[in-house]
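Count along the sequence shown from 1, then add 342; that gives the number in this note's numbering. Backbone N, C-alpha and C fix where the C-beta goes; we use that ideal spot for every residue, glycine too. These numbers were taken from a predicted model, which means no experiment stands behind them. Inspection log for the structure reproduced underneath, given as structure tokens.
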Amino acid sequence: MKKSSKLTLIPLMLCFFSMGFVDLVGIASNYVKEDLNLNDATANLFPSLVFFWFLIFSVPTGMLMNKIGRKKTVLLSLAVTVVSLLLPLFGESFGLMLVSFSLLGIGNALMQTSLNPLVSVVTTGKNLASTLTFGQFVKAIASFLAPYIAMWGAVASIPAFGLGWRVLFPIYMVIGILATLLLAGTPIEEERLEGKASGIADCIKLLGRPIVFLSFIGIMCHVGIDVGTNTTAPKILMERLGWTLNEAAFATSLYFIFRTIGCFTGSFFLRVMKTRVFFTISVVMMALSMAGLFIGESKTMLYIAIALVGYGNSNVFSMVFSQALLSVPEKKNEVSGLMIMGLFGGTVFPLIMGVASDAMGQAGAVAVMAVGVAYLFSYIRCIKL
Numbered sequence: 343m344k345k346s347s348k349l350t351l352i353p354l355m356l357c358f359f360s361m362g363f364v365d366l367v368g369i370a371s372n373y374v375k376e377d378l379n380l381n382d383a384t385a386n387l388f389p390s391l392v393f394f395w396f397l398i399f400s401v402p403t404g405m406l407m408n409k410i411g412r413k414k415t416v417l418l419s420l421a422v423t424v425v426s427l428l429l430p431l432f433g434e435s436f437g438l439m440l441v442s443f444s445l446l447g448i449g450n451a452l453m454q455t456s457l458n459p460l461v462s463v464v465t466t467g468k469n470l471a472s473t474l475t476f477g478q479f480v481k482a483i484a485s486f487l488a489p490y491i492a493m494w495g496a497v498a499s500i501p502a503f504g505l506g507w508r509v510l511f512p513i514y515m516v517i518g519i520l521a522t523l524l525l526a527g528t529p530i531e532e533e534r535l536e537g538k539a540s541g542i543a544d545c546i547k548l549l550g551r552p553i554v555f556l557s558f559i560g561i562m563c564h565v566g567i568d569v570g571t572n573t574t575a576p577k578i579l580m581e582r583l584g585w586t587l588n589e590a591a592f593a594t595s596l597y598f599i600f601r602t603i604g605c606f607t608g609s610f611f612l613r614v615m616k617t618r619v620f621f622t623i624s625v626v627m628m629a630l631s632m633a634g635l636f637i638g639e640s641k642t643m644l645y646i647a648i649a650l651v652g653y654g655n656s657n658v659f660s661m662v663f664s665q666a667l668l669s670v671p672e673k674k675n676e677v678s679g680l681m682i683m684g685l686f687g688g689t690v691f692p693l694i695m696g697v698a699s700d701a702m703g704q705a706g707a708v709a710v711m712a713v714g715v716a717y718l719f720s721y722i723r724c725i726k727l
């Protein structure tokens with residue numbers, strides 16, 4: 343990699359940090375549930391709504407990249423994200439939070455679709471998966487900091503804001519503005535699009551390729567487990583151990599701490615180990631985690647289970663995404679749009695989990711996530727490297 347490329351990665355990594363803002367929806371939905379006295383099914387509308395927009399915007403974003411370029415698309419995504427973080431400063435009503443989380447989801451759909459292929463401009467070949475994994479490591483830092491900031495805001499006296507747990511919104515908004523300015527000032531030379539730009543129908547047709555379709559389902563399962571654990575882990579501790587939300591909120595941070603460790607070490611392992619071997623180890627860890635979350639009654643067992651799914655799920659996105667991207671190299675923008683559309687799993691899983699947990703407790707929610715883990719076992723055969 344050229345020196346200029348390495349310097350270019352700095353603003354791109356800050357964009358990955360901004361991408362992690364979407365994960366605040368897990369802990370935020372728990373606080374909104376408590377503040378507005380909502381049931382599980384209603385509270386889970388918030389994470390579901392965030393990821394619903396991936397279904398609508400991901401493929402059109404792939405088309406937009408063909409017209410205005412990847413960098414400009416990332417800048418647009420940052421602008422939408424900043425606006426989404428501004429809104430909760432004006433209140434915490436159900437309607438306002440729905441609008442805020444919708445914009446957060448739209449901004450994140452734009453960002454995830456455009457940022458990953460933008461990275462492929464400066465990093466290619468076998469280093470792509472490890473670089474994307476390092477980006478996920480940076481993203482995970484924002485993810486695991488969110489519950490800590492929310493907890494601090496909930497219990498501390500903050501005369502300058504008076505926002506309580508919502509203080510995390512202006513903090514992340516300032517970082518989002520910084521990422522926008524740095525990326526805008528960084529020159530990135532993108533390859534020119536050859537031939538006629540693909541339409542949405544051409545893009546959807548790529549799902550006819552088995553590896554693209556199976557990777558799409560794999561991404562759905564990955565993000566479903568991710569958002570599901572993010573949202574459900576505190577509820578499991580509250581249900582099994584009788585903890586308050588402020589005590590149980592650490593579960594979300596624990597998950598993201600081990601996701602961060604997983605991304606950081608994964609960027610190394612993916613350079614020295616076959617992708618299929620590392621993917622298999624990751625899925626086995628997730629399976630052990632589901633068993634622990636389903637039957638665990640002690641703090642120790644539940645913490646171990648949360649740590650296992652955090653580490654195991656940390657590199658699944660990068661491995662599946664890079665597998666799909668490298669399988670159709672001439673259609674990177676289109677494949678990226680399809681893969682990010684798979685983040686719609688973050689809508690499907692929490693909705694089903696909310697109904698299951700209302701019916702049979704949090705064990706029902708864990709059973710839904712376990713179905714996603716079972717699919718990832720079947721995906722192992724698709725990994726060629």
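When the Cα atoms are used, what is the spatial distance from residue i to residue j?
{"i": "serine 609", "j": "glycine 560", "result": "20 Å"}
{"i": "isoleucine 398", "j": "leucine 685", "result": "11 Å"}
{"i": "glycine 634", "j": "alanine 492", "result": "27 Å"}
{"i": "leucine 583", "j": "glycine 506", "result": "25 Å"}
{"i": "glycine 714", "j": "glutamate 533", "result": "36 Å"}
{"i": "methionine 336", "j": "leucine 596", "result": "No answer is possible for residue 336: the residues shown for the chain start at 343 and end at 727."}
{"i": "leucine 524", "j": "tryptophan 585", "result": "42 Å"}
{"i": "threonine 574", "j": "alanine 521", "result": "30 Å"}
{"i": "valine 441", "j": "tyrosine 373", "result": "17 Å"}
{"i": "tyrosine 721", "j": "glycine 688", "result": "19 Å"}
{"i": "leucine 644", "j": "glutamate 531", "result": "47 Å"}
{"i": "alanine 716", "j": "methionine 632", "result": "10 Å"}
{"i": "alanine 593", "j": "valine 422", "result": "29 Å"}
{"i": "glycine 658", "j": "histidine 564", "result": "The question names glycine, yet the displayed sequence has valine at residue 658. C-alpha separation (whole angstroms): 7 Å."}
{"i": "glutamate 581", "j": "serine 435", "result": "26 Å"}
{"i": "asparagine 381", "j": "phenylalanine 663", "result": "35 Å"}
{"i": "lysine 409", "j": "tryptophan 494", "result": "43 Å"}
{"i": "isoleucine 646", "j": "glycine 433", "result": "37 Å"}
{"i": "proline 389", "j": "leucine 431", "result": "19 Å"}
Since residue i and residue j are thought to touch, with beta carbons under 8 Å apart, how far apart are those beta carbons, to the nearest angstrom?
{"i": "leucine 446", "j": "valine 509", "result": "Rounded, the Cβ-Cβ distance is 16 Å, inconsistent with contact."}
{"i": "arginine 601", "j": "serine 678", "result": "Not a contact, Cβ separation roughly 22 Å."}
{"i": "serine 485", "j": "phenylalanine 598", "result": "4 Å"}
{"i": "phenylalanine 363", "j": "glycine 518", "result": "7 Å"}
{"i": "proline 692", "j": "valine 569", "result": "6 Å"}
{"i": "isoleucine 648", "j": "threonine 571", "result": "7 Å"}
{"i": "alanine 526", "j": "leucine 612", "result": "Actually they do not touch by this definition, with Cβ atoms about 31 Å apart."}
Cutting at 6 Å between CB atoms, please list the residues of its own chain near residue i, excluding the five before and the five after it.
{"i": "serine 669", "result": "Ile553"}
{"i": "serine 419", "result": "Gly449, Leu452, Met453"}
{"i": "methionine 407", "result": "Thr415, Ser456, Asn675"}
{"i": "glycine 654", "result": "Ser624, Met627, Met628"}
{"i": "alanine 385", "result": "Ser371, Lys375"}
{"i": "leucine 727", "result": "Thr617"}
{"i": "phenylalanine 394", "result": "Thr689"}
Between the Cα of residue i and those of the options, spot the shortest distance and give me the residue it belongs to.
{"i": "lysine 481", "options": "Tyr373, Leu548, Leu354", "result": "Leu354"}
{"i": "serine 444", "options": "Ala709, Val424, Gly714, Leu487", "result": "Val424"}
{"i": "phenylalanine 606", "options": "Cys563, Gly652, Ile546, Val565", "result": "Gly652"}
{"i": "serine 360", "options": "Ile513, Leu349, Phe719", "result": "Ile513"}
{"i": "isoleucine 546", "options": "Met683, Trp494, Leu718, Pro389", "result": "Met683"}
{"i": "glutamate 639", "options": "Pro671, Ile578, Glu672", "result": "Ile578"}
{"i": "phenylalanine 479", "options": "Pro430, Leu431, Ile603, Leu549", "result": "Ile603"}
Output needed for residue i: all residues of its chain with C-beta closer than 7 Å, excluding positions within five of it in sequence on either side, in chain order.
{"i": "alanine 383", "result": "Gly696, Val697, Asp700"}
{"i": "alanine 705", "result": "Phe636"}
{"i": "alanine 488", "result": "Asp365, Leu366, Ile369, Leu510"}
{"i": "leucine 428", "result": "Met515"}
{"i": "leucine 556", "result": "Tyr721, Cys724"}
{"i": "leucine 630", "result": "Leu650"}
{"i": "glycine 411", "result": "Glu532"}
Output needed for residue i: all residues of its chain with C-beta closer than 8 Å, excluding positions within five of it in sequence on either side, in chain order.
{"i": "leucine 667", "result": "Asn458, Pro459, Ser462, Leu470, Lys674, Val677, Ser678, Met681"}
{"i": "glutamate 376", "result": "Leu587"}
{"i": "isoleucine 542", "result": "Val401, Pro402, Met405"}
{"i": "isoleucine 725", "result": "Thr617, Arg618, Phe621, Met661, Gln665"}
{"i": "threonine 473", "result": "Leu351, Val461, Thr465, Ser609"}
{"i": "phenylalanine 476", "result": "Met355, Cys605, Phe606, Ser609"}
{"i": "isoleucine 567", "result": "Met628, Val651, Asn655, Phe691, Met711, Gly714, Val715"}
Go ahead and label residue i buried or exposed: buried means 16 or more other beta carbons lie within 10 angstroms of its beta carbon, across all protein chains shown.
{"i": "lysine 641", "result": "exposed"}
{"i": "valine 710", "result": "buried"}
{"i": "alanine 590", "result": "buried"}
{"i": "proline 576", "result": "buried"}
{"i": "asparagine 379", "result": "exposed"}
{"i": "lysine 345", "result": "Legend: pLDDT at lysine 345 = 43, less than 50; position of this residue unreliable, no value from coordinates given."}
{"i": "aspartate 365", "result": "buried"}
{"i": "methionine 439", "result": "buried"}
{"i": "methionine 515", "result": "buried"}
{"i": "methionine 702", "result": "exposed"}
{"i": "isoleucine 694", "result": "buried"}
{"i": "phenylalanine 558", "result": "buried"}
{"i": "valine 708", "result": "buried"}
{"i": "glycine 437", "result": "exposed"}
{"i": "methionine 615", "result": "exposed"}
{"i": "leucine 349", "result": "exposed"}
Please confirm whether any heavy atom of the ligand COA lies closer than 7 Å to the CB of residue i.
{"i": "leucine 579", "result": "In terms of ligand content, the structure shown is empty, and the ligand COA therefore cannot be addressed."}
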